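Novice: Shown below is the structure under consideration.
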Amino acid sequence: MAVKVYGKPQAVCPQRVMHCLVEKGVPFEFVLVDIDAMEQKRPEYMEKHPFGQVPFIADGDFELFESRAIVRYFAAKYADRGPNLLGRTAEERAKVEQWLDVEAISYSPCAFTIVFNLFLLPIRGLPGNKGEAVAAMEKLDKVLEVYEKQLSRTKYLAGDEFTLADLTHIPVTRYIVEHCGLAYLLDDKPHAKAWWEDVSRRPAWKKVMSFVASGASFYSP
Amino acid sequence: MAVKVYGAAMSTATVRVLLCLEEMGAEYELVPIDFSTGEHKSPPHVARNPFGQVPAFEDGDLMLFESRAISRYVLRKYKSSGPDLLREGSLEESAMVDVWLEVEAQQYDKAISAIYIETVIKPVFFGGVPDEKVVAESAAKLGKVLDVYEARLSKSKYLAGDFLSFADLSHIPYTHHIVAGPQASLFESRPHVKAWWESLASRPAYKKVTTGTPTS
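From first to last, the protein sequence lines stand for chains H and V.
Mapping of the first sequence onto UniProt numbering: position 94 corresponds to residue 94, and the numbering continues sequentially without gaps.
Mapping of the second sequence onto UniProt numbering: position 198 corresponds to residue 198, and the numbering continues sequentially without gaps.
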């Protein structure tokens, strides 16, 4: 039975999950949850996801929420195929988890605030809070300085191989760069810029973008 | 060689790591970082934690930051000398541990840390006064999260399943402070949450690590 991913395909967290599945060559069905109509807050959905968010996945009978828990699960389940996303030693694994937590705690909150105010609200015809966006941009810029230092020492965040730590950054960074006009944040950070260009050109990520654009429901590797 | 934790007693993130070391009976050295002199932003410490935060963790050549990543490393390293808190022998059980660790970091933390900052950090370290509006809003948010926990804990003994895991323990650092104050009622009024908390607070590692913290 195929994996089912519930969410909206344009949303960042479901994209994170889809990217992991595509990297591992795992087919899935994408089931639309209409977050614009707040379907994720309806009782039927909240029976499955008690916080009323997307994504939610079903792998046969096994159900999960929280995109970072979901990608860890698939990276472990399919450790024997596709790229090694979790590191090869205890030390490498710890570095992957360190940067996963940095993304969750320091990177994405700023990035989401920017995307919310400069993209999501405006496309709904609502005014974004410029002050909040600017404050978040300044924070993100400082975070990216730390990334620049790390990426001048290693090709990817956790070492010299692409791992989950890089993967979880991609969907929201694409929104920042392509929809919020903030590509310039990388201009004075040559290593971070090179890293972004590398990870965003991964064939698996390109397949996710094609899948989202196609509006298809089923993905087959 | 004993591992080193660079941190501070008032730092809930430092306490998270110490809890895991104590649970596993590991030998460690706690190297205090003095926030009052800005030591956390000094070049030697920034070399350990590039965000100038605590904790940082050293095991030989390995330097780590982010308390949950450090904790996971510790729980694996000392696996044979303590309880199985990550359940990595089972794909599904370890996934459930990851789910509730994400919930703790994303949902629980956001609400409870604001209460901690207003009611403990501000008065104790800055001689300030809590912003009651922020406290009230955060308490309301935390209440909503605890409603989900109450429902969950009425179905399973612990968060990830019927087994204690790191997902439960990760809640201890902030909760320890909050149940010492008026927001304790948020926990007292939810019977399964209350029983869950009392079970965590009865652990020897908890008592050892929380003695000497601001609200102990």
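Beta carbons are placed, not taken as given, at the ideal position from N, Cα and C, and that holds for glycine.
Keep in mind it's a predicted model, so treat the numbers as computed, not measured.
In chain order, which continuous runs of the alpha helix (DSSP H) of length 4 or greater are located wholly inside the segment 123 to 186 of chain V?
Specialist: Counting whole runs of 4 or more residues, the segment 123 to 186 of chain V contains the alpha helix (DSSP H) stretches 132 to 153, 166 to 169, 172 to 178.
Novice: Buried or exposed, going by whether 16 or more other CB atoms sit within 10 Å of the CB of Phe-126 (chain V)?
Specialist: Label assigned to Phe-126 (chain V): exposed.
Novice: Distance check for His-176 (chain V) and Phe-162 (chain H), CA to CA, integer angstroms please.
Specialist: Going from the Cα of Phe-162 (chain H) to the Cα of His-176 (chain V) covers about 38 Å.
Novice: With DSSP as the reference, please indicate the residues paired to Lys-4 (chain V) in a beta bridge.
Specialist: In the DSSP output, where bridge partners are listed per residue, Lys-4 (chain V) has V:Glu-29, V:Glu-58.
Novice: Report all residues from its chain with a CB closer than 8 Å to the CB of Ala-76 (chain H); omit the five preceding and five following residues, and keep chain order.
Specialist: Contacts found: Leu-86.
Novice: Alpha carbon to alpha carbon, how far is Ile-112 (chain V) from Pro-221 (chain H)?
Specialist: The alpha-carbon atoms of Ile-112 (chain V) and Pro-221 (chain H) are separated by roughly 43 Å.
Novice: Return the CA-CA distance between Ala-94 (chain H) and Ser-80 (chain V), expressed in angstroms with no decimal places.
Specialist: Answer to the nearest angstrom: the Cα atoms are 18 Å apart.
Novice: Pick helix, strand or coil for Phe-119 (chain H), following the three-state DSSP scheme.
Specialist: DSSP places Phe-119 (chain H) in helix when its eight states are reduced to three.
Novice: Considering only the alpha carbon of each residue, which of H:Tyr-107, H:Val-5, H:Gly-52 lies closest to Val-172 (chain H)?
Specialist: The option with the nearest alpha carbon to Val-172 (chain H) is H:Tyr-107.
Novice: Do we get a CB-CB distance below 8 Å when we pair Ala-104 (chain H) with the residues of chain V?
Specialist: So, interface residue.
Novice: If contact is defined by three or more beta carbon pairs under 8 Å, each pair taking one atom from either stretch, is the segment 131 to 149 of chain H in contact with the segment 110 to 122 of chain H?
Specialist: Verdict: yes, contact present.
Novice: Taking only the alpha-carbon atoms, compute the straight-line gap between Leu-164 (chain H) and Arg-48 (chain V) and give it to the nearest angstrom.
Specialist: Using only the alpha carbons, I get a separation of about 22 Å.
Novice: Less than 8 Å between the beta carbons of Leu-86 (chain V) and Leu-169 (chain V), yes or no?
Specialist: Cβ distance not < 8 Å, so Leu-86 (chain V) and Leu-169 (chain V) don't count as in contact.
Novice: Got a sec: which bits of the segment 145 to 159 of chain H sit with their beta carbon under 8 Å from any beta carbon on chain C, in order along the chain?
Specialist: Although the question refers to chain C, the structure presented lacks it and instead comprises the protein chains H and V.
Novice: Span of the beta strand (DSSP E) holding Leu-21 (chain H)?
Specialist: Premise fails: Leu-21 (chain H) lies in the alpha helix (DSSP H), 12 to 23, not in any beta strand (DSSP E).
Novice: Leaving out five residues on either side along the sequence, give the residues of the same chain with a beta carbon under 8 Å from the beta carbon of Phe-218 (chain H).
Specialist: Excluding positions up to five away in sequence, the list reads Ala-2, Pro-27, Phe-28, Glu-29, Phe-30.
Novice: Closer than 8 Å by beta-carbon distance: list the chain V residues that pair up with Pro-50 (chain H), in chain order.
Specialist: Residues of chain V passing the Cβ test: Val-148, Ala-151, Arg-152.
Novice: Under 8 Å, do Ala-136 (chain V) and Ala-69 (chain H) count as touching if we go by C-beta distance?
Specialist: In this structure, Ala-69 (chain H) does not lie closer than 8 Å to Ala-136 (chain V) by Cβ.
Novice: Rounded to a whole number of angstroms, what is the C-alpha to C-alpha distance between Ala-69 (chain V) and Val-212 (chain H)?
Specialist: Approximately 32 Å between the Cα atoms of the pair.
Novice: Just the C-alpha distance for Leu-18 (chain V) and Ser-71 (chain V), rounded to the nearest angstrom, thanks.
Specialist: Answer to the nearest angstrom: the Cα atoms are 8 Å apart.
Novice: Tell me the DSSP bridge mates of Asp-101 (chain H)?
Specialist: In DSSP, Asp-101 (chain H) forms no bridge with anything.
Novice: For the segment 81 to 95 of chain H, which residues have a CB atom closer than 7 Å to at least one CB atom of chain V, in sequence order?
Specialist: Going along the segment 81 to 95 of chain H in chain order, one finds Ala-90, Glu-91, Ala-94 with a Cβ nearer than 7 Å to chain V.
Novice: Look at the alpha carbon of Trp-196 (chain V) and the alpha carbon of Gly-181 (chain V), and state the distance between them as a whole number of angstroms.
Specialist: In a straight line, the C-alpha of Trp-196 (chain V) is about 18 Å away from that of Gly-181 (chain V).
Novice: Who are the near neighbours of Leu-64 (chain H) in its chain, counting only those whose CB is closer than 7 Å to its CB and skipping five residues on each side?
Specialist: Ile-57, Ile-70, Tyr-73.
Novice: Kindly indicate which three-state DSSP category Ala-94 (chain H) falls into: helix, strand or coil?
Specialist: Three-state result, Ala-94 (chain H): helix.
Novice: According to the neighbour-count rule (16 or more other Cβ atoms, all chains shown, within 10 Å of its Cβ), is Val-129 (chain V) buried or exposed?
Specialist: Val-129 (chain V) comes out exposed.
Novice: Verify the CB distance criterion: does Val-103 (chain V) have a CB-CB separation below 8 Å to chain H?
Specialist: Closer than 8 Å: yes.
Novice: Nearest to Tyr-147 (chain H) by alpha carbon, out of H:Gly-125, H:Trp-205, H:Lys-189, H:Cys-20?
Specialist: Ranking H:Gly-125, H:Trp-205, H:Lys-189, H:Cys-20 by Cα distance to Tyr-147 (chain H) puts H:Lys-189 first.
Novice: Establish whether the CB of residue 228 (chain H) and some CB of chain V are separated by less than 8 Å.
Specialist: Beyond the ends of chain H as shown, which are 1 and 221, falls residue 228 (chain H); an answer cannot be given.
Novice: Answer yes or no: do Val-208 (chain H) and His-19 (chain H) have a C-beta to C-beta separation smaller than 8 Å?
Specialist: A contact, by the Cβ cut-off of 8 Å.
Novice: Using a cut-off of 9 Å between C-beta atoms, extract the partners of residue 225 (chain H) located in chain V.
Specialist: Nothing can be reported for residue 225 (chain H): it is not among the residues displayed for chain H, which extend from 1 to 221.
Novice: For the alpha helix (DSSP H) that contains Asp-141 (chain H), what are its first and last residues?
Specialist: Where Asp-141 (chain H) is concerned, the enclosing alpha helix (DSSP H) stretches over 130 to 151.
Novice: DSSP state of Tyr-78 (chain H), grouped into three classes?
Specialist: Residue state, collapsed to three classes: coil.
Novice: Contact between the segment 138 to 152 of chain V and the segment 191 to 205 of chain V: three or more CB pairs below 8 Å?
Specialist: Contact holds: three or more Cβ-Cβ distances are below 8 Å.
Novice: At a CB distance below 9 Å, what residues from the segment 65 to 83 of chain V approach chain H? Give them in sequence order.
Specialist: For the segment 65 to 83 of chain V, which is checked against every Cβ of chain H, the residues closer than 9 Å are Phe-65, Glu-66, Ser-67, Arg-68, Ala-69, Ile-70, Arg-72, Tyr-73, Arg-76, Lys-77.
Novice: Check the Cβ of Lys-139 (chain H) against every Cβ in chain V and list those closer than 9 Å, keeping chain order.
Specialist: Result: empty, since nearest Cβ-Cβ is about 11 Å, beyond 9 Å.
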